[in-house]
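Participant: Residue numbers 1 to 163, in full-length UniProt numbering, belong to the letters of the sequence shown in order.
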Amino acid sequence: MNIESRIENGPLLGIDLGRRRTGLAKSDPDLRVATPLVIVEAAGNKLDFSILDHCRKNEVTGVVLGLPRHMDGREGDLAPRTRRLAAYIHRQLNIPVWLWDERLSTLEVDRRAREGGKRQQPRDDLAATLILQGFIDAQAWKRPPAHAGDDPGDRSEDDGTAE
Numbered sequence: 001m002n003i004e005s006r007i008e009n010g011p012l013l014g015i016d017l018g019r020r021r022t023g024l025a026k027s028d029p030d031l032r033v034a035t036p037l038v039i040v041e042a043a044g045n046k047l048d049f050s051i052l053d054h055c056r057k058n059e060v061t062g063v064v065l066g067l068p069r070h071m072d073g074r075e076g077d078l079a080p081r082t083r084r085l086a087a088y089i090h091r092q093l094n095i096p097v098w099l100w101d102e103r104l105s106t107l108e109v110d111r112r113a114r115e116g117g118k119r120q121q122p123r124d125d126l127a128a129t130l131i132l133q134g135f136i137d138a139q140a141w142k143r144p145p146a147h148a149g150d151d152p153g154d155r156s157e158d159d160g161t162a163e
């Protein structure tokens with residue numbers, strides 16, 4: 001559950017843990033874009049099993065769990081449950097699990113919904129998407145290139161002049 005763990009190419013699962021609903025998001029295999037996956041309306045063991053099922057079904061190589069924090073940095077009420085879930089996923093699937101600061105994720109989803117003129121509806125999967133995308137963006141420099149020839153330093157510039 002260390003943020004310094006190596007990030008392998010392959011999809012990641014993002015989780016926004018809630019009391020009644022939990023949002024899940026998935027990245028593409030090249031770790032560029034996160035998209036909403038599903039909202040799970042379960043709690044306790046049923047939720048844990050559902051998350052494991054989604055991890056297996058989507059063949060994820062790691063999980064990013066939103067860690068609830070207050071604006072002053074203190075951990076929120078769901079932080080202990082989040083940490084237990086992270087340890088459980090890691091133990092069951094033997095894949096890396098990262099805890100990622102989820103401050104403002106729900107507020108940002110609400111803001112985007114208001115700007116888009118959408119009425120209030122469950123948004124947990126969108127919050128999970130923001131959490132996962134934030135993690136992906138912050139880790140971009142650590143991940144291996146998607147394809148061997150994608151490094152711009154490997155290309156020579158053609159300035160259009162003949163020699």
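Heads up, the beta-carbon is just placed ideally off N, CA and C, and yes, glycines get one too.
1. What are the boundary residues of the beta strand (DSSP E) that Pro36 is part of?
2. Are the CB atoms of Leu85 and Leu17 nearer to each other than 8 Å?
3. Classify Gly23: buried if its beta carbon has 16 or more other beta carbons within 10 angstroms, exposed otherwise.
4. Count the other CB atoms within 10 Å of the CB of Gly66; is the residue buried (16 or more) or exposed (fewer)?
5. Less than 8 Å between C-beta atoms, sequence neighbours within five positions excluded: which residues of the same chain meet that for Pro29?
6. Going by DSSP in three states, Pro152 sits in which element: helix, strand or coil?
7. Would you list the residues sitting across from Arg69 in a DSSP beta bridge?
8. Check whether the region 94 to 103 and the region 128 to 136 touch, using three or more Cβ-Cβ pairs below 8 Å as the test.
9. Quick one: give me the first and last residue of the beta strand (DSSP E) that Gly14 is part of.
10. Return the CA-CA distance between Phe49 and Arg32, expressed in angstroms with no decimal places.
11. First and last residue of the alpha helix (DSSP H) that includes Ala25?
12. On the criterion of 16 or more Cβ atoms from any shown chain inside 10 Å, does Asp53 qualify as buried, or is it exposed?
Facilitator: Quick look at the numbers:
1. For the purposes of this step, residue 36 is identified with residue 36 of the sequence shown, where counting begins at 1. Segment Ala34 to Val40, the beta strand (DSSP E) holding Pro36.
2. Along the sequence shown, read from residue 1 onward, the residue named residue 85 stands at position 85. Along the sequence shown, read from residue 1 onward, the residue named residue 17 stands at position 17. Judged by their CB atoms, Leu85 and Leu17 are nearer to each other than the 8 Å cut-off.
3. Locating residue 23 in the sequence shown gives position 23, where the first residue counts as 1. With 16 or more Cβ atoms within 10 Å of its Cβ, Gly23 is classed as buried.
4. Within the sequence shown, the letter at position 66 stands for residue 66. Gly66 comes out buried.
5. Taking the sequence shown and counting its residues from 1, the one referred to as residue 29 is at position 29. So the qualifying residues of the chain are Asn9, Gly10 and Pro11.
6. If you number the sequence shown from 1, residue 152 lands on position 152. Reliability of the predicted coordinates at Pro152 is poor, the pLDDT of 46 falling under 50, and no value is obtained from them.
7. Stepping through the sequence shown from its first residue, residue 69 is reached at position 69. Under DSSP, the beta-bridge partners assigned to Arg69 are Glu75.
8. yes
9. Taking the sequence shown and counting its residues from 1, one reaches residue 14 at position 14. That run of the beta strand (DSSP E) goes Leu12 to Asp16.
10. As a working note, residue 49 is residue 49 in the sequence shown. As a working note, residue 32 is residue 32 in the sequence shown. Distance from the CA of Phe49 to the CA of Arg32, rounded to the nearest whole angstrom, comes to 27 Å.
11. In the sequence shown, the residue the question calls residue 25 occupies position 25. Counting along the chain, Ala25 falls outside any alpha helix (DSSP H), though it belongs to the beta strand (DSSP E) covering Thr22 to Ser27.
12. Looking up residue 53 in the sequence shown gives position 53. With fewer than 16 other Cβ atoms within 10 Å, it is exposed.
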